[in-house]
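In my numbering, the protein residues as written are 4 to 113.
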């Protein structure tokens, strides 16, 4: 059985999506690995063609939600990057390491 905090979190995500106007959910996947760990993958298309992809690995530790890893990727209708936030540890010199934000021509702290 899924931990109550994870269940509530996933319910909140689903309700947030349902409350959005003019969006189409291309993919919504909850991968339950253990009662205290889930991977969430979303692909949401907005009415002007923009795409938001969300990938999260979430666990429960000490009765708290913890994001092990995440990626929030947004691109325009022509598939050009608008922004991407992620926690991939490939920019160790940034003050917010491993957290950072990709822009079309830069990577900055997030």
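Cβ atoms here follow ideal geometry from the backbone N, Cα and C, with glycine treated the same way. Quick caveat: nothing in here was measured; it's all calculated off a predicted structure.
With 16 other Cβ atoms within 10 Å as the buried cut-off, status of residue i
i, result
"residue 108", "exposed"
"residue 25", "exposed"
"residue 61", "buried"
"residue 111", "exposed"
"residue 93", "exposed"
"residue 96", "exposed"
"residue 59", "buried"
"residue 70", "exposed"
"residue 21", "exposed"
"residue 106", "exposed"
"residue 84", "exposed"
7 Å Cβ shell around residue i - same chain, five flanking residues per side excluded
i, result
"residue 35", "5 and 41"
"residue 102", "90 and 113"
Beta-carbon proximity of residue i to residue j, cut-off 8 Å
i, j, result
"residue 45", "residue 30", "yes"
Close-in-space but distant-in-sequence residues of the same chain around residue i (CB under 6 Å, 5 per side omitted)
i, result
"residue 48", "27, 29 and 54"
"residue 52", "80"
Problem set entry | Minimum length 3: unbroken beta strand (DSSP E) runs contained in the region 21 to 82 | Uninterrupted beta strand (DSSP E) stretches at least 3 residues long and entirely within the region 21 to 82 occur at 26 to 37, 40 to 49, 54 to 64 and 67 to 78, given in chain order.
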